[in-house]
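Asks: Can you read through this structure? Questions will come right after.
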Amino acid sequence: MNKQGYVALTGNHAVAYGMRQINPDVAPAYPITPQTSLMQRFADFVSDGDVDTELILVESEHSAMSAAVGASAAGARVMTATSANGLALMWEIVYIAASSRLPIVMTVVNRALSGPINIHCDHSDTMGARDSGWIQIYGENAQEAYENLIQAVRIAEHPDVRLPVMPTLDGFIISHGMENVKLFEDKKVKDFVGEYESPHPLINPDKPYTFGPLDLYDYYFEHKRQQAQAMENALKVIPEVGAEFSKEFETKEYGFTEGYMLDDAELVVVALGSTAGTTKLVVEQLREKGVKAGLLKVRVFRPFPQKEVIEKLKNAKAVAVLDRADSFNAIGGPLCGEIKAAIYSKLSTPIVNYIYGLGGRDIKLGQLKKVYKELEEIKDKKEVGQPLRYLGVRQ
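Residue numbering for the sequence shown follows our numbering, beginning at 42 and increasing consecutively.
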């Protein structure tokens with residue numbers, strides 16, 4: 042079953058198709074909206090004999106990640122997926138997966154965390170896991186979700202990294218939206234990811250290992266430093282994998298960020314995920330009116346690409362950071378906090394933070410135009426005013 046070329050697929054089905062091409066050894070699964078159709082489609086591939094994957098149907102997300110950790114430690118290539126409260130339920134094991142240096146790839150279909158209970162998109166789930174030690178890659182559309190998944194395997198398994206990776210896609214907006222997705226040949230995808238051979242498989246009687254022992258103050262700190270170093274190493278590996286992928290599959294360039302009309306932009310919006318696509322349209326419309334608008338899309342949130350962000354924002358006169366999650370700290374959202382910290386020592390650009398789209402509320406073109414208008418005012422007055430604002434909410 043090799044559908045090559047452009048095919049109409051939802052984001053979830055595009056990711057499931059990528060999983061089929063990668064053919065992981067093990068895939069623990071537990072359904073949660075809006076991830077359900079992703080693993081359901083992959084389960085079809087398993088039942089149809091299109092993959093050799095051992096599909097483990099478990100009783101909870103905590104068990105799904107526990108099974109993923111066990112299988113990865115044993116030496117298997119492991120992939121799974123989840124959303125929102127499912128990610129929250131596996132929290133304990135998410136940290137263990139990263140600290141154990143297990144190259145698990147888990148797609149997260151972004152959904153608002155309860156409560157109140159909500160099944161639609163925001164980034165509170167993955168932002169809550171931002172300090173868990175997982176690499177995070179945010180997709181703008183179904184094509185990126187598919188291509189990010191393939192790259193994630195190479196990044197996770199790189200010997201200098203060996204960290205789990207979360208490729209993400211916005212729930213319903215991307216996961217259930219139908220798009221034209223360019224699919225690659227099965228063989229090319231399989232050749233790109235290669236065969237996985239764990240350097241330290243737990244099931245190796247000739248070379249036994251101790252795995253997951255009590256780690257007190259005499260060694261814990263050193264192990265955490267090694268984990269931090271692996272994340273630093275990923276700063277080198279991610280663009281290398283992206284460059285190789287772009288060359289092999291003749292795609293656009295993949296780095297940490299993507300600039301849109303940034304070269305001479307004075308008013309810049311920074312965004313993650315599907316909102317970047319909407320913002321591009323607004324940028325085009327404003328450019329037609331002579332407004333020097335631009336967009337910086339952050340693709341890789343962990344590790345955070347400080348140097349690239351500074352380079353991309355160095356000419357901006359005013360910056361707005363859009364956060365689809367609230368840190369509830371009274372000073373701003375998680376993306377804005379990272380942007381401010383990244384540029385603090387090099388740039389004095391005024392930055393305003395907008396919290397938007399919580400619980401799946403749509404971000405509209407008019408609202409984004411309002412953001413650029415307020416950036417124009419900030420540029421002219423040379424002062425931010427209210428640094429934290431809520432966009433599209435009844436107050």
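A virtual CB, placed ideally from N, CA and C, is assigned to each residue, including glycine.
Just checking my contact of I450 with V119 at CB under 8 Å: how many whole Å lie between their CB atoms?
Replies: Residue 450 lies beyond the residue range present for the chain, which begins at 42 and ends at 436; the question has no answer from this structure.
Asks: Do V222 and A193 count as a contact pair if the criterion is CB distance below 8 Å?
Replies: no
Asks: Alpha carbons only, please: which of E273, L354, Q326, E285 is nearest the one belonging to A306?
Replies: A306 has its Cα closest to that of L354, out of E273, L354, Q326, E285.
Asks: In the DSSP assignment, find the unbroken alpha helix (DSSP H) run with Y250 in it and report its ends.
Replies: In the DSSP annotation of this structure, Y250 is not part of any alpha helix (DSSP H), being labelled neither H nor E.
Asks: When you compare only the Cα positions, how much space is there between I158 and Y136?
Replies: 24 Å
Asks: Grab me the residues of G46's own chain with a C-beta within less than 8 Å of its C-beta, minus the 5 sequence neighbours each way, in chain order.
Replies: Excluding positions up to five away in sequence, the list reads K223, L224.
Asks: Give the straight-line distance between the Cα atoms of R152 and K231, rounded to the nearest whole angstrom.
Replies: Between the alpha carbons of R152 and K231 lies a gap of roughly 30 Å.
Asks: What are the boundary residues of the beta strand (DSSP E) that F225 is part of?
Replies: Segment: none, F225 is in no beta strand (DSSP E) and carries neither H nor E.
Asks: I need the DSSP call for E95, collapsed to helix, strand or coil.
Replies: strand
Asks: State the Cα-Cα distance for the pair K405 and G433, rounded to the nearest angstrom.
Replies: 9 Å
Asks: Quick check: what's the CA-CA separation for S101 versus P391?
Replies: 45 Å
Asks: Can the beta-carbon of Y397 be found less than 8 Å from the beta-carbon of A361?
Replies: no
Asks: Taking DSSP as the reference, what is the three-state secondary structure of N370?
Replies: coil
Asks: So, helix, strand or coil for Y71, using DSSP?
Replies: coil
Asks: Can you check DSSP and say which residues form a bridge with V339?
Replies: T298
Asks: Please classify I392: does DSSP put it in a helix, a strand, or coil?
Replies: strand
Asks: Over the uninterrupted beta strand (DSSP E) stretch that includes N151, give me the two end residues.
Replies: Per DSSP, the continuous beta strand (DSSP E) segment holding N151 begins and ends at 146-151.
Asks: Please give the ranges of any alpha helix (DSSP H) in the stretch 239-291, keeping only runs that are unbroken, at least 4 residues long and fully inside the region.
Replies: 261-290
Asks: Does DSSP classify E352 as helix, strand or coil?
Replies: helix
Asks: Provide the residue span of the alpha helix (DSSP H) that contains A122, from first to last.
Replies: Here A122 belongs to no alpha helix (DSSP H); instead the beta strand (DSSP E) covers 120-123.
Asks: What distance in whole Å lies between the Cβ atoms of Y179 and G314, which are believed to be in contact at a cut-off of 8 Å?
Replies: 5 Å
Asks: Please state whether DSSP places V311 in a helix, a strand or coil.
Replies: It is a strand residue.
Asks: Where A115 and F252 are concerned, what is the direct C-alpha to C-alpha distance, given to the nearest angstrom?
Replies: 10 Å
Asks: Going along the chain, which residues of its own chain have a beta-carbon closer than 7 Å to the beta-carbon of L154, five neighbours each way excluded?
Replies: A125, N126, A129, S165, D166, G169
Asks: Taking just the CA atoms, how far does F342 sit from R82?
Replies: 28 Å
Asks: Just how far apart, CA to CA, sit N356 and D304?
Replies: 8 Å
Asks: Report all residues from its chain with a CB closer than 7 Å to the CB of D256; omit the five preceding and five following residues, and keep chain order.
Replies: H264
Asks: With C-beta atoms as the reference, is L276 less than 8 Å away from P344?
Replies: yes
Asks: DSSP three-state call for V362: helix, strand or coil?
Replies: Strand.
Asks: Can you tell me the Cα-Cα spacing of T319 and N245, whole angstroms?
Replies: T319 and N245: Cα-Cα distance of roughly 50 Å.
Asks: Measuring only the C-alpha atoms, how far is P410 from Y260?
Replies: According to the sequence provided, residue 410 is Lys. The question's Pro does not apply to it. Rounded to whole angstroms, K410 to Y260 spans 53 Å at the Cα level.
Asks: Name, in chain order, the residues that DSSP records as bridge partners for T209.
Replies: V149, Y179
Asks: Between V282 and R195, what straight-line distance do the alpha-carbon atoms span, to the nearest angstrom?
Replies: 7 Å
Asks: In three-state terms, what does DSSP make of N159?
Replies: The three-state reading of DSSP puts N159 in coil, since its state is none of H, G, I, E or B.
Asks: Within the continuous alpha helix (DSSP H) that includes Y47, where are the two ends?
Replies: Note, Y47: premise wrong, no alpha helix (DSSP H); beta strand (DSSP E) at 46-51.
Asks: For I372 versus V350, is the C-beta spacing smaller than 8 Å?
Replies: no
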